[in-house]
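*Asks:*
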Amino acid sequence: MHWPLTFPEITDRGGFDAIVGNPPFLGGKKISGSLGSAYREHLVREVGNGVKGNADLVAYFALRAHELVNADGQVGLIATNTLAQGDTREVALDQLVERGVTIRRATKSKPWPSSSAVLEYCAVWTTSRSPAQAVLDELAVSEISPSLDPGSRVSGTPTRLEASKGVAYIGNFVNGIGFVLAKDDVADLIKSDAKSADVIRPYLNGQDVNSRPETSPSRWIIDFGDFSYPEASRYAACIERLRHLVKPERDKLPGSKRATRDAWWKFEKLAPGLRAAIAGLSRVVVITLVSKTVMPVLVPTGQVFSHALGVFAIGDTAMLALLSSSPHYWWAVARASSMKADLRYTPSDVFETFPLPDLTQEMRELGDRLDTFRREAMLRRQLGLTKTYNLVFEPGCTDADIVELRDIHRAIDDATVRAYGWDDLLDQLDHGFHPAGRDLRYTVGPAAKQEILDRLLELNHERHAAEVAAGVPKKPAKRARKRQDDPDQGRLM
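Read the sequence shown against my numbering and you will find it ends at 711, with the numbers running on by one and no gaps.
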């Protein structure tokens, strides 16, 4: 819409007094496919100030709305809660706050009041004026951050740290259900061709980790790795299965996925970095990337890890303890996005920005204790990880083994805080059942949580400054290449 032509009487006096709306939802990765790549480039360049990222469409509505209100104007938007998360937050609310816009009132995340739509929404009121009092989730706060949390005493956003890279990976993206095998399929393939056993491996996915008491694979998978077609063809039974079940689906892929289409006997993404990093390790730490618990477990190598898993190329139980700690959990909540009511853990945004402490022997012993005790409890109860932690986070459950698990997690938090050298916080952690989204979680109290997040952000900034001073190249900002503006080109809305 050309606003000056449509509403000259409004634009002549500086813009609207207020804009209120519920912008349409379209995920950032779907904008090009639905509206065209040229339109997405226009959004990034013209509305998003060149800041790149897979921002949802709502980000650009939020930015454009503030261009259309006057100096005292206000904007009120209802949107999916991703507005305050990940790339969408960086493109929209981060930029608005940097420009002097204040978030005066917000609802961070609530379920949409309709059984037909399973999603979480946020509500955000913004203004360029300074409000008398900010209100977040009906509580008065000093200020509201772009992530729709109470204001921090530390400003800025975290940077990915070189010291935290090369540890966390995403598993293999298969793209082809024909690769995946049930127990009977494995037996049939090996009976038909004994060599099939050489390229069939256990296949671990997020559901296995969350729901099976053993956190073990329930299925197998044909894994040719990076084999050429002649190499894969030596395994006649397996290649014929893929030719029958995978190739027809791959043949339908567009030209933009020609490499995936042509190499139909391979996974779409092989995760070569992960494979190299875990070579020689007997076990690794994994975490389901979309989950409510955000709880890691130790599992053996020698299996194919699904893209639904984050894999940490380290078998040290001290790392298991760190990733099970409240400092890591709340850092993940602050840095991750969400899928429905679950957290979506992105290793590059969460772990690579997380300033690691020196792993201590105390953490290692507690990680051993957690792994052993929890495994025994889950097997005894025949419960998976999610259902076990539903009990851990349920105040009414006082079973001895569940209370012991809480005590282990409390000890892990204490040990982690000590590893950072923050002994002054030990008496202030306030462990108990505290709100975590829509649910309760056994964790540190709100004041301790905020102080830990502030200190972690300070430490991230210090570590990044030290890396830059030592000659580590600074990652360029996510900004698009400048192009010549077209004065006749339209704008969003």
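C-beta: ideal position from N, C-alpha, C; glycine also.
Please state the DSSP three-state secondary structure of Asn428.
*Replies:* helix
*Asks:* Using a 10 Å radius around the Cβ and a threshold of 16 neighbouring Cβ atoms, would you call Leu301 buried or exposed?
*Replies:* buried
*Asks:* In terms of DSSP beta bridges, what is Gly655 paired with?
*Replies:* Gly655 is not bridged to any residue.
*Asks:* Could you check the C-alpha separation between His284 and Val262 for me, to the nearest Å?
*Replies:* 16 Å
*Asks:* Is Ile626 near Arg587, with beta carbons less than 8 Å apart?
*Replies:* yes
*Asks:* Give me the DSSP bridge partner(s) of Gln292.
*Replies:* Ala236 and Thr345
*Asks:* Between Thr511, Thr519, Val342 and Gly528, which has its C-alpha nearest Ala297's C-alpha?
*Replies:* Val342
*Asks:* With 16 as the cutoff for other CB atoms within 10 Å, does Pro435 come out buried or exposed?
*Replies:* buried
*Asks:* Whether or not the region 565 to 577 and the region 420 to 428 are in contact is what I'm after, with contact meaning three or more pairs of Cβ atoms, one per stretch, closer than 8 Å; do they touch?
*Replies:* In short, these stretches do not touch, since the Cβ pair count stays below three.
*Asks:* Which residues does DSSP list as the beta-bridge partners of Cys340?
*Replies:* Ala297
*Asks:* Just to confirm the assignment: which complete alpha helix (DSSP H) runs, minimum length 4, are found wholly within the region 418 to 466?
*Replies:* Secondary structure within the region 418 to 466: the alpha helix (DSSP H) runs of 4 or more consecutive residues, fully enclosed, are 424 to 429, 447 to 450 and 454 to 463 (chain order).
*Asks:* Using the Cα positions of Gly602 and Pro613, report the straight-line distance between them to the nearest angstrom.
*Replies:* The C-alpha of Gly602 lies about 19 Å from the C-alpha of Pro613.
*Asks:* Could you give the first and the last residue of the continuous alpha helix (DSSP H) run that contains Ala400?
*Replies:* Counting along the chain, Ala400 falls outside any alpha helix (DSSP H), and DSSP gives it neither H nor E.
*Asks:* Do Val319 and Ser346 have their CB atoms nearer than 8 Å?
*Replies:* yes
*Asks:* How would you call Glu338, buried or exposed, if buried means at least 16 neighbouring beta carbons within 10 angstroms?
*Replies:* By the neighbour-count criterion, in which a residue is buried when 16 or more other Cβ atoms sit within 10 angstroms of its Cβ, Glu338 is buried.
*Asks:* From the DSSP output, in three-state form, read off Leu540 for me.
*Replies:* Correct three-state label for Leu540: helix.
*Asks:* Taking the C-alpha atoms as reference points, what is the distance between Thr325 and Arg628?
*Replies:* 30 Å
*Asks:* Ignore the nearest five residues each way along the sequence and tell me which others in Asp560's own chain have a CB closer than 6 Å to its CB.
*Replies:* Val508, Ser509 and Lys510
*Asks:* Do you know how far the Cα of Val504 is from the Cα of Asn608?
*Replies:* For Asn608 and Val504, the distance between alpha carbons rounds to 19 Å.
*Asks:* Between Arg501 and Leu516, which are expected to be in contact by the criterion C-beta below 8 Å, what is the C-beta distance as a whole number of angstroms?
*Replies:* 5 Å
*Asks:* Tell me the rounded alpha-carbon separation between Ala386 and Met537.
*Replies:* 11 Å
*Asks:* Identify whether Phe225 lies in helix, strand or coil by the three-state DSSP scheme.
*Replies:* coil
*Asks:* Closest by CA to Thr181, which one among Gly294, Arg371, Gly389 and Ser370?
*Replies:* Any property of residue 181 remains undetermined from this structure, which presents the chain solely from 219 to 711.
*Asks:* In chain order, what residues of the same chain have a beta carbon less than 7 Å from the beta carbon of Arg322, not counting five sequence neighbours either side?
*Replies:* Trp343, Thr344, Thr345, Pro349 and Ala352
*Asks:* Excluding the 5 residues preceding and the 5 following Ser410 in the sequence, name in chain order all residues of the same chain whose CB lies nearer than 6 Å to its CB.
*Replies:* Ala455
*Asks:* Could you check if Lys475 is buried or exposed, using at least 16 other CB atoms within 10 Å of its CB as the buried criterion?
*Replies:* exposed
*Asks:* Quick one: measure Cβ to Cβ for Leu584 and Ala539, integer angstroms, because I've assumed they're closer than 8 Å.
*Replies:* 5 Å
*Asks:* When the Cα of Lys484 is compared with those of Val512, Gly528 and Ile395, which residue comes out closest?
*Replies:* Ile395
*Asks:* Specify, as a first and last residue, the run of the alpha helix (DSSP H) that Ile321 falls within.
*Replies:* Counting along the chain, Ile321 falls outside any alpha helix (DSSP H), though it belongs to the beta strand (DSSP E) covering Thr320 to Pro329.
*Asks:* Exposed or buried, Tyr660, counting other C-beta atoms within 10 Å across all chains shown (16 or more means buried)?
*Replies:* buried
*Asks:* Which of the three DSSP states, helix, strand or coil, is assigned to Asp704?
*Replies:* With a pLDDT of 39 at Asp704, under the threshold of 50, the predicted position of this residue should be treated as unreliable, and no value is reported.
*Asks:* Please report the distance separating the alpha-carbon of Pro431 from that of Trp438.
*Replies:* 18 Å
*Asks:* Please report the distance separating the alpha-carbon of Pro694 from that of Lys270.
*Replies:* Legend: pLDDT at Pro694 = 43, less than 50; position of this residue unreliable, value from coordinates given subsequently. The straight-line gap from Cα to Cα measures roughly 11 Å.
*Asks:* Looking only at C-alpha atoms, which of Ala654, Asp631 and His652 sits nearest to Asp645?
*Replies:* Asp631
*Asks:* Within its chain, find whatever has a CB closer than 8 Å to the CB of Ile208; leave out the 5 residues flanking it on each side and keep chain order.
*Replies:* Residue 208 is absent from the structure shown; the chain starts at 219 and stops at 711.
*Asks:* Could you tell me which of Glu622, Ile532 and Pro514 sits nearest to Pro383, measuring between CA atoms?
*Replies:* In the sequence as presented, Pro is not what sits at residue 383; that position holds Lys. For the residues Glu622, Ile532 and Pro514, the minimum Cα distance to Lys383 belongs to Ile532.
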